[in-house]
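**Student:**
In my numbering, the protein residues as written are 1 to 66.
1. Mind checking which residues open and close the alpha helix (DSSP H) that includes residue 52?
2. What do you reckon, are the CB atoms on residue 53 and residue 28 nearer than 8 Å?
3. Can you give me the Cβ contacts of residue 33 inside the same chain, cut-off strictly under 6 Å, excluding the 5 residues immediately before and after it?
4. Start and end of the alpha helix (DSSP H) containing residue 23?
5. Quick check on the burial criterion: 16 or more other C-beta atoms within 10 angstroms. Buried or exposed for residue 37?
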């Protein structure tokens, strides 16, 4: 992660990583002898990425005081 990276570019990168993890999880889940520890690790990593994506999206929307 680069602190100087443009937030929009960072969001694109995170979403690409999220899609990649989703594909890896799908492939590993389809194998009858899939490694359950690896599957759990990938799911945890995907969830962390999702949380970071949401934080970035939330920080890009200004708070509106009604």
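Note that the Cβ used here is the ideal one computed from N, Cα and C, for glycine as well.
Because the structure is a prediction, the values reported are computed rather than measured.
**Tutor:** Based on what the coordinates show:
1. 36-60
2. In terms of Cβ geometry, residue 53 and residue 28 do not form a close pair [threshold 8 Å].
3. There are no such residues.
4. 7-30
5. exposed
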